[in-house]
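Engineer: Numbering-wise, numbering that gives the first Met the number 0 puts 68 at position 69 of the sequence shown, and it's gapless, one number per residue. Note that CB positions come from ideal geometry on N, CA and C, so glycine has one too.
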Amino acid sequence: MEFLTPLFEIEFMWPWVIAFLPLPWIVRRVVRAVPQKQTPLLAPQIINRIEHELAQEQLVNAAPSASSIPPLFVLLWLLILLAAARPIWYLTPTPFQVSGKEMMLAVDLSGSMQKQDMYLNGQDVNRLVAVKSVVSNFIQQRQGDRIGLVVFGTQAFLQSPLTYDLNTVNSLLNETEISMAGNNTAIGDAIGLTLKHLQKSNAKNAVLILLTDGSNTAGKVNPVEAAKRAEQMGLKIYTVGVGRVSSRTGLDIFLSGKSDMDIDTLKLIADITHGQFFQANDTQQLSRIYQFINQLESTDHTVHSYRLHSELYFWPLGAAFLLSLGLAFIQIQRRGQ
0 MEFLTPLFEI
10 EFMWPWVIAF
20 LPLPWIVRRV
30 VRAVPQKQTP
40 LLAPQIINRI
50 EHELAQEQLV
60 NAAPSASSIP
70 PLFVLLWLLI
80 LLAAARPIWY
90 LTPTPFQVSG
100 KEMMLAVDLS
110 GSMQKQDMYL
120 NGQDVNRLVA
130 VKSVVSNFIQ
140 QRQGDRIGLV
150 VFGTQAFLQS
160 PLTYDLNTVN
170 SLLNETEISM
180 AGNNTAIGDA
190 IGLTLKHLQK
200 SNAKNAVLIL
210 LTDGSNTAGK
220 VNPVEAAKRA
230 EQMGLKIYTV
240 GVGRVSSRTG
250 LDIFLSGKSD
260 MDIDTLKLIA
270 DITHGQFFQA
280 NDTQQLSRIY
290 QFINQLESTD
300 HTVHSYRLHS
310 ELYFWPLGAA
320 FLLSLGLAFI
330 QIQRRGQ
């Protein structure tokens with residue numbers, strides 16, 4: 000059951016509940032039809048009390064017929080039924096584009112990502128700050144895709160499952176911090192976790208963009224073996240190496256566990272999965288890489304729509320509660336008289 004207006008729509012999830020509207024009249028007629036002598040054994044005082052209350056009710060009511068019910072009780076019953084019917088308020092449908100593309104982003108949060116060899120908005124920044132800026136812009140350009148986020152260091156974690164809510168993915172990306180997943184680099188685990196999530200999500204046409212500044216120094220999964228499994232599942236992997244390889248210091252080696260970016264392994268992962276390897280020495284190169292991937296993975300979009308909705312049952316239920324309090328107060332006042 001729906002009520003339409005130009006701006007919104009109210010729909011009852013359980014409209015059949017309204018069929019109970021005449022129930023009080025039916026019950027009242029049945030009760031009145033039962034002879035008083037067949038009333039269960041009660042103390043005479045109780046019977047007299049009931050008869051007195053019924054007589055007072057008939058004096059107050061405008062329609063003293065045997066089957067009449069006070070209007071306020073009718074309104075109370077109607078409000079209860081309206082709440083039970085679960086009214087829902089729908090806004091006008093909002094269109095959005097869907098591409099059918101599933102894209103996972105894997106971002107390295109190991110200790111070496113704190114190296115300040117990137118340049119952004121006229122300032123020297125660390126690698127993670129530059130990555131957040133570039134990847135955030137990339138996410139906003141993928142309207143209509145389902146995007147998920149994996150972060151990895153010593154361990155890999157699913158930061159966001161596949162979703163059309165790109166603003167949430169962006170927020171979760173910006174909340175990440177260096178070393179929150181450990182100081183080392185588990186590239187194989189990041190790929191393995193991505194595969195596990197894609198299997199659970201029944202994702203098709205999936206792509207993984209894996210960004211790291213190091214080599215596989217932690218984790219249980221061999222990255223090459225993970226890449227072979229990804230190829231079997233049809234997952235294309237783009238690998239992105241970020242940072243200058245020659246800029247490693249003793250602190251970087253201590254934090255990341257290995258002195259150099261493993262370019263050969265990153266290339267092999269991309270080759271096995273029919274993707275590509277990219278290397279970015281600065282923020283501009285990193286931005287161009289993601290723009291290039293955005294063009295490579297361009298897709299046709301279909302238009303769908305969704306409707307925001309809100310439950311309204313609490314309004315009639317609240318009104319029924321207030322009305323019942325008012326009726327109870329009136330009854331107390333009458334008895335006091």
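#1: Quick check on the DSSP output: the alpha helix (DSSP H) that includes T211 runs from which residue to which?
#2: Between the region 75-85 and the region 178-197, can you find at least three pairs of beta-carbon atoms closer than 8 Å?
#3: Compute the Euclidean distance between the alpha carbons of M260 and N120, then round it to the nearest angstrom.
#4: In its own chain, which residues sit with a C-beta less than 7 Å from the C-beta of Y312, not counting the 5 before and 5 after it?
#5: Distance, Cα to Cα, L74 vs S323?
#6: Tell me the residue span of the alpha helix (DSSP H) that contains E174.
#7: Taking 9 Å as the CB-CB limit, is I79 close to chain C?
#8: So, at 6 Å on beta carbons, what are the nonlocal neighbours of M117 in its own chain, with the 5 sequence-adjacent residues on each side left out?
#9: Roughly how many angstroms separate the alpha carbons of R27 and S159, rounded to a whole number?
#10: Where S309 and G317 are concerned, what is the direct C-alpha to C-alpha distance, given to the nearest angstrom?
#11: Is the CB-CB distance between A189 and A229 below 9 Å?
#12: Return yes when the Cβ of L207 is within less than 9 Å of the Cβ of G274, no when it is not.
#13: Could you tell me the distance, in whole angstroms, from the CA atom of N166 to the CA atom of I138?
#14: Near G147, what residues of its chain come up, given a Cβ to Cβ distance below 6 Å and the 5 sequence neighbours on each side ignored?
#15: Our contact map puts A222 next to I268 with C-beta atoms below 8 Å; I'd like the distance itself, whole angstroms only.
#16: What residue from D164, L197, Q115, N173 has the CA that sits closest to V106's CA?
#17: So the candidates are A327, V220, L78; which of them puts its Cα closest to the Cα of A319?
#18: If we count the other Cβ atoms within 10 Å of its Cβ and call it buried at 16 or more, is S170 buried or exposed?
#19: Decide if G240 is buried, meaning its Cβ has at least 16 other Cβ atoms within 10 Å, or exposed.
#20: Start and end of the alpha helix (DSSP H) containing F277?
#21: Comparing C-alpha positions only, which one of R145, G335, D270, S135 sits nearest to S200?
#22: Which residue from I271, R287, I68 puts its Cα closest to that of Q20?
#23: Going by DSSP in three states, I17 sits in which element: helix, strand or coil?
Structural biologist: Short version:
#1: Element bounds for T211: not the alpha helix (DSSP H) but the beta strand (DSSP E), 205-211.
#2: no
#3: 26 Å
#4: A82, R85, P86
#5: 10 Å
#6: No alpha helix (DSSP H) holds E174; DSSP gives it neither H nor E.
#7: As a matter of chain content, chain C is missing from the structure shown, which is built from one protein chain.
#8: V124, R126, A129, T282
#9: 58 Å
#10: 16 Å
#11: no
#12: yes
#13: 9 Å
#14: M103, S159, P160, L161
#15: What sits at residue 222 in the sequence shown is Pro, not Ala. That pair is a contact at about 6 Å.
#16: N173
#17: L78
#18: exposed
#19: buried
#20: It is not in any alpha helix (DSSP H) - F277 instead sits in the beta strand (DSSP E) that spans 276-279.
#21: R145
#22: First, the amino acid is wrong: residue 20 is Leu here, not Gln. Selected option, being the one with the closest Cα: I68.
#23: helix
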